[in-house]
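Some notes on the structure that comes next.
There are 2 protein chains.
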Amino acid sequence: MKVGIVGGGAIGLLFAYYIQRAGHAVTVYTRTKEQAAYIQRNGITCIRGEREHTAFPRAVVWGLQIPQDDYLLVAVKQYDIPAVIRHLSDAKSRLVFLQNGMSHVELMQQLRQPAAVGIVEHGAKREGPGTVRHTGPGLTRLGIVSGEAAAFADAEGLFHMESFPFVEENDWQGVLQGKLIVNVCINPLTALYRVSNGALLQNPHLQSAMRQVFLEAAHVLGMEDKEHWERVCHVCEKTAANTSSMLADLQAGRETEIDAIVGYLLGESEKSGKAAPLLSFLYQSVKGLQG
Amino acid sequence: MKVGIVGGGAIGLLFAYYIQRAGHAVTVYTRTKEQAAYIQRNGITCIRGEREHTAFPRAVVWGLQIPQDDYLLVAVKQYDIPAVIRHLSDAKSRLVFLQNGMSHVELMQQLRQPAAVGIVEHGAKREGPGTVRHTGPGLTRLGIVSGEAAAFADAEGLFHMESFPFVEENDWQGVLQGKLIVNVCINPLTALYRVSNGALLQNPHLQSAMRQVFLEAAHVLGMEDKEHWERVCHVCEKTAANTSSMLADLQAGRETEIDAIVGYLLGESEKSGKAAPLLSFLYQSVKGLQG
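Protein chains in written order, with my numbering: chain V, 1201 to 1491; chain F, 1201 to 1491.
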């Protein structure tokens, strides 16, 4: 099977490595010709614990030609999705979007091609143009967003490996919302306060501020159950020493995913007419700080 | 006339210097015996532009004996006022509180002694234990909070100097509220964002966040007029390069005046039943960050 992976970040490299190892003909589509040349020459090395292996997929720059792949797995940042989609109009590939946000779901529903989300529960860290560290082995949940279910009937079986599992997820919307509410609690606040994830739990004042954000977001999403708040706290605890991706982006002077996370919720709050003063304040604050 | 000044910060030193120069017998009450000894030996030097003068008031540590002054001017941080008041119960002095917040006004109304606010519109910077720079000459507005008006009838005339004017202010509550709303817009946000005052005006996203805070605070205070927002912007512009006192406190690991500013407004919002989600969020955030 021909499988294209769009994006050479941590998730793109991770999927390209494992799917190539599963026996498919993988093409990695990169943004820069330097990274494509590097992968062509050196392959993709995946480090997992003490072990280190290299796979040799093809690599080319994205956007030069219409992809001929049976599947295209899109692993770019949420805000780059519209640019990727513009090059897809003539492609016949089935599409899998690997972002954990929700702001692209509406876009997906307008595509001609069958489209699914792949909810990624792996931890991965890019350590070079062709090197990825698989820090937290997990799984990928496949959820069909548009098109015939039959279009993805073989996907789970095709990609699944014991060391890199794929499972079907019928309640993909519930899973994405659960992830969204964790992101909306942790990401903007750690970015604003410049603290690691654990501080939001350990400092009672910051926890109280996070609780306020949670209640507003949960109200917008209609997810006011106790279990969701417990999951937010659990993730803070489990990732206590981590720098959130939004704080890392802010510190590196990169664009953050504030639009995909808080911007999406603001859109929902407008649709439903539910007030969201804190989310609006956080949105403007992070937008302002990313300069 | 015997005049005591409680507090050896910038405002305390400034008032002690000028009132001693006006011919009164000034005692400065300091927190540390080192500062009292320093002032006893070297006096208080006030720098204003190119000119520099020294006055020689008496200086002692606060709290050792009941003050015998005719007037006591209290120039401590808002959060130290309760501790100062505890030592005042037997004093017969008329009291003038030089803080620009509002959270102590209720306390003042419970005092036995006649009490006034002195709204300070001078800029001053402490440059040593006995040195103050008078950076922005302005004036002091005297407003009687409790007790007979007659008790303060002579105050304006007693303290007034051409270079250090005192004026009577009947609408002291309106003036303090105007200052409060400026403080509540500028102080917590500059502290949270770690930016100088001007950034709140120059960055359109941060300005929009400040506008949200303004609207909520103005609603709580019933001050929704256009002129108040214009004044907030004007102060941001005039003090664009300045580090706000709350940001400076946070950076130095000192306690901030968040209780006197945002805490006061939260109290008002509870009394009136007006919701204040952003003020509550800012309160918890700054409390959390000051550790």
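Backbone N, C-alpha and C define an ideal beta-carbon position, used for all residues, glycine too.
The structure displayed is predicted, hence computed values, not measured ones.
Check: According to DSSP, GLY1336(F) sits in a beta bridge with which residue or residues?; Outcome: GLY1323(F)
Check: Spell out whether any CB of chain F is found under 9 Å from the CB atom of GLY1491(V).; Outcome: yes
Check: Is the distance from the Cβ of LEU1406(V) to the Cβ of SER1485(F) below 9 Å?; Outcome: yes
Check: From LEU1214(V) to ASN1300(F), what distance separates their C-alpha atoms?; Outcome: 58 Å
Check: Does the distance from the C-beta atom of VAL1274(F) to that of ILE1319(F) stay below 9 Å?; Outcome: no
Check: Assuming LEU1478(F) contacts GLU1416(F) (C-beta within less than 8 Å), just tell me the rounded distance between them.; Outcome: 5 Å
Check: Compare the C-alpha of GLN1412(V) against each of LEU1482(V), TRP1372(V), SER1445(V) and ALA1448(V) and name the closest.; Outcome: LEU1482(V)
Check: Taking Cβ-Cβ distances shorter than 7 Å, what residues in chain C pair up with ASN1403(V)?; Outcome: Of the protein chains in this structure, namely V and F, none is chain C.
Check: For VAL1284(F) and THR1456(F), I'd like the C-alpha separation in whole angstroms.; Outcome: 18 Å
Check: Mapping the DSSP letters down to three states, classify ARG1286(V) as helix, strand or coil.; Outcome: helix
Check: Name the chain V residues whose beta carbon is nearer than 9 Å to that of TYR1393(F)?; Outcome: LEU1392, SER1485, GLY1488 and LEU1489
Check: What separation, rounded to the nearest whole angstrom, lies between the Cα atoms of LYS1379(F) and PRO1365(F)?; Outcome: 19 Å
Check: List the residues that DSSP assigns as beta-bridge partners of VAL1367(F).; Outcome: ARG1341(F)
Check: Note down, in chain order, all residues in the segment 1404–1417 of chain F with a beta-carbon under 7 Å from any beta-carbon belonging to chain V.; Outcome: HIS1405, LEU1406, SER1408, ALA1409 and GLN1412
Check: Is the shortest distance between the beta-carbon of PRO1388(F) and the beta-carbons of chain V less than 9 Å?; Outcome: no
Check: If you drop the 5 nearest sequence neighbours on each side, which residues of the same chain put their C-beta closer than 7 Å to that of GLN1235(F)?; Outcome: GLY1208 and PRO1329
Check: In chain V, what lies closer than 8 Å to SER1480(F) by C-beta?; Outcome: GLN1412
Check: Could you name the residues of the same chain whose beta carbon sits closer than 7 Å to that of CYS1436(F), not counting the 5 residues immediately before and after it, in chain order?; Outcome: ILE1386, ASN1397, GLY1398, LEU1400 and LEU1401
Check: Please classify ASP1354(V) as buried or exposed, where buried requires at least 16 other C-beta atoms within 10 Å of its C-beta.; Outcome: exposed
Check: So PRO1477(V) contacts chain F; which residues on that side make the cut at Cβ distance below 7 Å?; Outcome: GLN1412, PRO1477 and LEU1478
Check: Mind checking whether VAL1296(F) and LEU1272(F) have CB atoms under 9 Å apart?; Outcome: yes
Check: Which residue or residues does DSSP assign as beta-bridge partners of SER1346(F)?; Outcome: ALA1315(F)
Check: Based on DSSP bridge pairs, tell me the residues matched to LEU1272(V).; Outcome: GLY1204(V) and LEU1295(V)
Check: For VAL1382(F), which residues in the same chain have their Cβ closer than 8 Å to its Cβ, ignoring the five residues on either side in sequence?; Outcome: ARG1431, VAL1432 and VAL1435
Check: In three-state DSSP terms, what is ALA1259(F)?; Outcome: strand
Check: What residue range is occupied by the uninterrupted beta strand (DSSP E) comprising TYR1279(F)?; Outcome: Premise fails: TYR1279(F) is in no beta strand (DSSP E) and is neither H nor E.
Check: Could you give the residue range of the beta strand (DSSP E) that holds VAL1228(V)?; Outcome: 1225–1230
Check: Counting pairs of beta carbons, one from the segment 1217–1230 of chain V and one from the segment 1252–1265 of chain V, are three or more of them closer than 8 Å?; Outcome: yes
Check: Just to confirm the assignment, what range does the alpha helix (DSSP H) spanning ILE1381(F) have?; Outcome: 1372–1393
Check: Three-state secondary structure (DSSP) at HIS1253(F)?; Outcome: strand
Check: Suppose the cutoff is 6 Å on Cβ atoms and the five residues either side in sequence are ignored; what does the same chain contact list for SER1363(V) look like?; Outcome: none
Check: Roughly how many angstroms separate the alpha carbons of MET1201(F) and TYR1238(F), rounded to a whole number?; Outcome: 24 Å
Check: Report all residues from its chain with a CB closer than 8 Å to the CB of ILE1493(F); omit the five preceding and five following residues, and keep chain order.; Outcome: Residue 1493(F) falls outside the range modelled here, since chain F spans only 1201 to 1491, and no answer is possible.
Check: Per DSSP, what are the beta-bridge partners of ARG1520(F) in this structure?; Outcome: Residue coverage of chain F in this structure runs from 1201 to 1491, which leaves residue 1520(F) outside it and unanswerable.
Check: Decide if PRO1388(V) is buried, meaning its Cβ has at least 16 other Cβ atoms within 10 Å, or exposed.; Outcome: buried
Check: Just the Cα atoms here: how many angstroms apart are PHE1495(F) and ALA1440(F)?; Outcome: The structure shown does not extend to residue 1495(F), since chain F spans only 1201 to 1491, so no value can be given for it.
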